[in-house]
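Residues 338 to 786 in the working numbering are what the sequence shown lists, from first letter to last.
See structure below.
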Amino acid sequence: MRLSTRIQLSITVLLICLLIIANTAIYVLFKCTIIESEQQRLLNTANTILKELNTNSESSTEQVLRAYLINNGMIKVVGSDHHPVHEFVTDKRYRSIVTSFKDDQYEQVLSFKQSQFAVVSIPMINSEGEVMNLQIVENIDSLMENVTDLKWVLVFTSIVVITLLFIASWILGNIISRPIQRLIYTMKTIEEKESYEQIEISGKNNDELNELAATFNRMIAKLENSYMKQEQFVSDASHELKTPLTVISSYMKLLRRWGTTRADVMEEAMTAIESESSRMKYLTEQLLQLAVSEELIENDRERMNIVPVVHKTIERLQMTDAQEIHFSPDSRSLYADVHEQSFIQLLVILLDNARKYSNDAIHVALEEENNWIKLSVEDRGIGIPEDAQPYVFDRLYRVDQVRSRKTGGAGLGLSIAKRISEQHGGSISMKSVEGAGSVFTVILPKSEA
C-alpha cells in the first residue's frame, strides 16, 4: 500500500472514530439533558400541587388536580395498594399506563404503545394520615422527535465532514509523499545511470521532509566524494604497482640477453630488481594497513601509559639513525585507551616523515590538555607548500613525485596516520610553512582512571 494511501486511510479512520465518539456523546448528553429538564419541570409542578392541596380542603383535591392537568398526559394520586385514588387524563388510553407506588421520590421514562412518557412521583400524606404518591405522567414524543432530528443531523454532517476530509487527506497524502517520490525517483536514476544526482529542495521550510532531502543530498555528496577518492586510489595504486613491475620486467629481459656475459649488467639488474621489489613490498603493506578493520583495533585497545611507549619508540629509531629526536613530556604518566602496535605505527609514521624532509633535530612533545592528550612532532625541514596542505592526508598523495621517489615514500603514511587517529577517537592536524618546517599534532582522548 502506498504511503499516501495509508495516510489517507489513517486520517479518515481516525476522524470517523472521533466523530462517532463525539456524536455519541452529543446525542446522549442532549437526550439526557432534555429529559432531565422535562422531569424537573414536572417535579416543580408536583410540588406546586402539594402546596395547593395543603392549603385547601379535601373537597377541592379534584379541582386542584384538574387545574394542573398537563396538555398531553395525566395526573393521579396512587395509594399504597398501587390503585389510583384520583386520576385525570387527557387521553383515555393513558389510564392503562401502570406506575408503581414508592415511599421515596422517583423519576423515570417508560414506553407505552410506541410512545415515550416522563414520570415523576413524590410522596404525600392525605387528611387521614395515609401515605400516597402524587404522580404526573407526560407524553414526551415531541421531545424525542427533537432527539431523532439531532441524530440525523449528526449523521448527515458526519458524512459531509468525512467526505471532505477524505478528499483533504488524499491531497495531504500526495503533498507529504511528493518529496519521498522525488527521493525514490532520484534513487532509481542513480541506480540506472550510476550517477550521483541530488534532490532539489524547494521552499525555505525546515520541516522533516526537507531535512530528509538535505540528509540524502549530503549522503550522496559523501558517496560521490568517496567514490572519486576510491577511483583515484585505484588509479594511483595501479600506477604505483605498474612502475616497479615495468622496471623488473625490463631488467629481466636485460638479464636474459646480457646477464650471462656481462657482470656489470647483472649487478645493475639485480640491484634494480631488489630495490623495486622492496618498494612493491612496502607499498603492498601500506595498502593492506589501510584495509585493517576498525573493529579489530577497537577490540584490542587497552588502557596504558603512553609516555614510556613514545620514549622506547624514539630510542629504537635513534639506534638506526643518528638524527636527534628531543622528547619532552609534561608528565611521566599519561594514560589513554590505545591499540599499542597501531599507536607505535602512528608515531613511527610521523617521525619517519619528519626525518625524511629535515636534517635538523626533531622535537616530540606529549602533553595533557583538558580531557585530551596532545602528541606533537615538529621538524625544521623544507615544509609543505600551502596549496598542497589540504591534500597531505589523502591516499597516495605526494607533494613532489620526484622527491617522494628519492625518499622512498608511497604517499600512504599520513593517510594511515589519520585513519589510526580516528580509530582511536581522535584527530590529526598539521601546520606547515614552506622552508621553515612542519608540526603534526595528534589529539587522543584521555583515559579515565
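Just so it is clear, CB atoms sit at the ideal spot from N, CA and C, and this is done for glycine as well.
Looking only at its chain, what residues have a beta carbon closer than 7 Å to the beta carbon of residue i, apart from the 5 residues adjacent to it on each side?
i      : result
Gly720 : Ser769, Val770, Glu771, Gly772, Ala773, Gly774, Ser775
Ala702 : Ser665, Ser713
Thr392 : none
Asn554 : Gln535, Ile536
Glu389 : Val401
According to the neighbour-count rule (16 or more other Cβ atoms, all chains shown, within 10 Å of its Cβ), is residue i buried or exposed?
i      : result
Arg756 : buried
Pro516 : buried
Thr523 : buried
Glu652 : exposed
Pro421 : buried
Gly564 : One point to set straight first is that residue 564 is Tyr, not Gly, in the sequence displayed. Its Cβ having fewer than 16 others within 10 Å, Tyr564 is exposed.
Ile508 : exposed
Ile357 : exposed
Thr650 : buried
Asn696 : exposed
Ala455 : buried
Ser374 : exposed
Pro581 : buried
Phe680 : buried
Glu613 : buried
Val571 : exposed
Leu379 : buried
Residue i bridges to which residues according to DSSP?
i      : result
Gln472 : Lys413, Ser458
Leu712 : Leu703, Val779
Tyr672 : Asn642
Ile363 : Answer by DSSP bridge pairing: none, since Ile363 is not bridged.
Asp767 : Sequence inspection shows Met at residue 767; the Asp mentioned does not correspond to that position. Its beta-bridge partners are Phe777.
Val426 : Met411
Gln376 : Partner(s): none; Gln376 has no beta bridge.
Gln345 : Beta-bridge pairing links Gln345 to no other residue.
Pro421 : Val415
Gln453 : Ser448
Once the 5 residues before and after residue i are set aside, which same chain residues still bring their CB inside 8 Å of it?
i      : result
Ser452 : Asn476, Asp478
Gly750 : Gln623, Ile686, Asp689, Asn690
Val729 : Ile721, Val736, Leu751, Met767
Ser615 : none
Asn483 : Ile371
Which residues in the same chain as residue i place their Cβ atom closer than 6 Å to its Cβ, once the five residues preceding and following it in sequence are excluded?
i      : result
Glu444 : Gln376, Val457
Glu715 : His700, Val776
Glu704 : Asp667, Lys711
Glu424 : Lys413
Thr744 : Only weak support exists for where Thr744 lies, its pLDDT of 48 falling under 50; the value from the coordinates is given anyway. Closer than 6 Å at the Cβ level, and outside the excluded window around Thr744, lie Lys693.
His419 : Phe438
Gln345 : Ser506, Trp507, Gly510
Ser784 : Arg640, Tyr672, Ala673, Asp674
Val739 : Only weak support exists for where Val739 lies, its pLDDT of 42 falling under 50; the coordinates are left without a value.
Arg339 : none
Tyr431 : Met411
Leu351 : none
Phe449 : Ile434
Could you give the residue range of the beta strand (DSSP E) that holds residue i?
i      : result
Gln445 : 443-449
Ile662 : 662-666
Are residue i and residue j close, meaning C-beta to C-beta below 8 Å?
i      : j      : result
Pro782 : Trp709 : yes
Ser764 : Ile753 : no
Tyr533 : Glu568 : no
Val468 : Ile462 : yes
Gly410 : Thr436 : no
Ser495 : Thr349 : no
Ile305 : Ile499 : The structure shown does not extend to residue 305, since the chain is modelled only from 338 through 786, so no value can be given for it.
Val675 : Ile643 : yes
Ile504 : Ala383 : no
Ala698 : Glu723 : no
Val415 : Asn470 : yes
Leu487 : Tyr405 : no
Val584 : Ala609 : yes
Leu491 : Asn360 : yes
Leu683 : Ser575 : no
Asn547 : Ile557 : no
Met617 : Leu578 : yes
Ala606 : Tyr588 : yes
Return the first residue and the last residue of the alpha helix (DSSP H) that residue i is part of.
i      : result
Ser495 : 478-530
Ile757 : 750-760
Ser679 : 677-693
Glu465 : Segment: none, Glu465 is in no alpha helix (DSSP H) and carries neither H nor E.
Val401 : 398-404
Would you say residue i faces chain C, with C-beta separation under 8 Å as the test?
i      : result
Val602 : Of the chains in the structure shown, none is chain C; there is only one protein chain.
Is any non-hydrogen atom of the ligand NAD found closer than 7 Å to the C-beta of residue i, if you look at the structure I gave you?
i      : result
Glu785 : Among the ligands in the structure shown, none appear at all, so the ligand NAD cannot be discussed.
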